[in-house]
């Protein structure tokens, strides 16, 4: 029975179904329990949280990632699955500490001052949540000082900065310099993303990584997490 | 000048295929049932969140050389690409369109609540709506020009090619206050974001202005604004 529940959770992650209201990849799935209902049922049935997370949620996302790489899934399909995992993690979060399960880490994300674009940042946010990170999204057009304060207060393992304009990408360097001046640069790793930036630019301003798109951003965070452990 | 300025509202119909392209699907991909129903719902309900408005003025092109175009009422555009357009034109229509702020405010709220997929789809619906609105205004300007036996160019906007986004200020100055509540940030981005501003060149039939396409001579193959000959 527990294995069957895990299988169902994994399958519904693959289908990108948060709740029973949602259709899946194919029609006719609405009305059947989605990931959130299945996770609740699994918890009530005593299925170990570790199995729900590793075999059900992460197992499902692994398959979704492979389908994306194979060109079978597109960005919205990935978002649907990541959203289902994020919703499940919201349910599980209060119980994780009691179960001795650590999250992968906290990521603060922000679009820098004077830049209003946030779709790319939002995609990174949901994919990171889907990958098991706790994400605090500060929003767009965020003052450097607000970002610095958030790093000081939240002590995240990662800071993700986004900019879509050549005129605002320089603000990323301002943030890094300001973190240095406040003795906070070593608090966590900094990754950047957005149309005008590059790996070369990331290195030039002292960032730790660059993600060309949402999926690469998650891969960079995962790689940096692995380096730390 | 018989060509007149214009201002008003337009109706737009959301194109599901276009929305799907905005969110990352290609033409050949079969949509999942969930995404399909989500796009349908948002396309249908978006009509209550959008208020497509347009405003344009028509000015005479006084001269255009090198990288400077001098337009009636002391309007100056600086860009070689725009000069190469306007040196063929008698007039230029300067426009702004917007669908208003409600759709993007709703998308922001969805994103804030963690509903990123929904926010992304709604944002794409807004992108399609404002593109459609700009297309409708282009049609109006084309009809007006045709009545005077003139033809029009494609749309050109600051921020593309060598036309600096800072020239949005000149564009908004030319609109003499009829900017439909659209304002510019310090970086010359428009708020509401689902707005499009730009110019359309107007010339005689032998000016060949309708075929002017700087992308033909540009090597930036990965440019997001690249337009092929058969595209608007």
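Residue numbers (the working numbering), protein chains in the order written: chain A, 1393 to 1621; chain B, 563 to 794. Virtual Cβ for every residue (Gly too), placed ideally from N, Cα, C.
Test: residue i CB closer than 8 Å to a CB of chain B
i                       : result
residue 1472 of chain A : yes
residue 1417 of chain A : yes
residue 1588 of chain A : no
residue 1577 of chain A : no
residue 1454 of chain A : no
residue 1557 of chain A : yes
residue 1566 of chain A : no
residue 1498 of chain A : no
Whole-angstrom distance between residue j and residue i, CA atom to CA atom
i                       : j                       : result
residue 1622 of chain A : residue 1562 of chain A : The structure shown does not extend to residue 1622 of chain A, since chain A is modelled only from 1393 through 1621, so no value can be given for it.
residue 608 of chain B  : residue 1429 of chain A : 29 Å
residue 584 of chain B  : residue 686 of chain B  : 6 Å
residue 692 of chain B  : residue 1614 of chain A : 38 Å
residue 1496 of chain A : residue 1525 of chain A : 5 Å
residue 1454 of chain A : residue 1403 of chain A : 12 Å
residue 569 of chain B  : residue 740 of chain B  : 8 Å
residue 733 of chain B  : residue 751 of chain B  : 13 Å
residue 1399 of chain A : residue 1450 of chain A : 12 Å
residue 779 of chain B  : residue 1539 of chain A : 43 Å
residue 729 of chain B  : residue 1483 of chain A : 49 Å
residue 1617 of chain A : residue 1433 of chain A : 32 Å
residue 578 of chain B  : residue 1435 of chain A : 39 Å
residue 1466 of chain A : residue 1460 of chain A : 6 Å
residue 684 of chain B  : residue 627 of chain B  : 43 Å
residue 770 of chain B  : residue 1555 of chain A : 38 Å
residue 1585 of chain A : residue 582 of chain B  : 23 Å
residue 1475 of chain A : residue 646 of chain B  : 48 Å
residue 710 of chain B  : residue 663 of chain B  : 36 Å
residue 707 of chain B  : residue 719 of chain B  : 20 Å
residue 743 of chain B  : residue 657 of chain B  : 13 Å
residue 1609 of chain A : residue 631 of chain B  : 43 Å
residue 1407 of chain A : residue 1452 of chain A : 9 Å
residue 678 of chain B  : residue 1557 of chain A : 22 Å
residue 1397 of chain A : residue 1550 of chain A : 33 Å
residue 1607 of chain A : residue 1516 of chain A : 7 Å
Minimum Cβ-Cβ distance from residue i to chain A less than 8 Å
i                      : result
residue 599 of chain B : yes
residue 724 of chain B : no
residue 733 of chain B : no
residue 665 of chain B : no
residue 556 of chain B : Residue 556 of chain B falls outside the range modelled here, since chain B spans only 563 to 794, and no answer is possible.
residue 605 of chain B : no
residue 591 of chain B : yes
residue 679 of chain B : yes
residue 682 of chain B : yes
residue 596 of chain B : yes
residue 794 of chain B : Legend: pLDDT at residue 794 of chain B = 48, less than 50; position of this residue unreliable, value from coordinates given subsequently. No, no contact with chain A.
residue 758 of chain B : no
residue 787 of chain B : no
N- and C-terminal bounds of the alpha helix (DSSP H) containing residue i
i                       : result
residue 624 of chain B  : No alpha helix (DSSP H) holds residue 624 of chain B; the beta strand (DSSP E) holding it covers 615-627.
residue 1609 of chain A : 1606-1620
residue 689 of chain B  : 678-709
residue 604 of chain B  : 595-607
residue 657 of chain B  : First-last for residue 657 of chain B: 653-660, but that is the beta strand (DSSP E), not the alpha helix (DSSP H).
residue 1595 of chain A : 1591-1597
residue 581 of chain B  : 578-584
residue 644 of chain B  : 642-648
Exposure of residue i, with buried meaning 16 or more beta-carbon neighbours within 10 Å
i                       : result
residue 606 of chain B  : exposed
residue 757 of chain B  : buried
residue 1410 of chain A : buried
residue 671 of chain B  : exposed
residue 564 of chain B  : exposed
residue 625 of chain B  : exposed
residue 614 of chain B  : buried
residue 1420 of chain A : exposed
residue 1423 of chain A : exposed
residue 1414 of chain A : buried
residue 1588 of chain A : exposed
residue 682 of chain B  : buried
residue 790 of chain B  : exposed
residue 1580 of chain A : buried
residue 1486 of chain A : exposed
residue 650 of chain B  : buried
Boundaries of the beta strand (DSSP E) in which residue i is found, first to last residue
i                       : result
residue 1568 of chain A : Run containing residue 1568 of chain A: none in the beta strand (DSSP E); it sits in the alpha helix (DSSP H), 1562-1573.
residue 1544 of chain A : That residue, residue 1544 of chain A, is in no beta strand (DSSP E); its alpha helix (DSSP H) goes 1536-1546.
residue 758 of chain B  : 757-766
residue 1602 of chain A : 1601-1603
residue 1491 of chain A : Premise fails: residue 1491 of chain A is in no beta strand (DSSP E) and is neither H nor E.
residue 1582 of chain A : 1581-1585
Note to self: As an exercise, report each continuous alpha helix (DSSP H) stretch of at least 4 residues that is fully enclosed by the stretch 1403-1442 of chain A, in chain order.
What the structure shows: 1427-1436
Margin query: I'd like the ranges of any alpha helix (DSSP H) spanning at least 4 consecutive residues and lying wholly in the stretch 1458-1538 of chain A.
Written below: Listed in chain order, they are 1467-1488 and 1511-1522.
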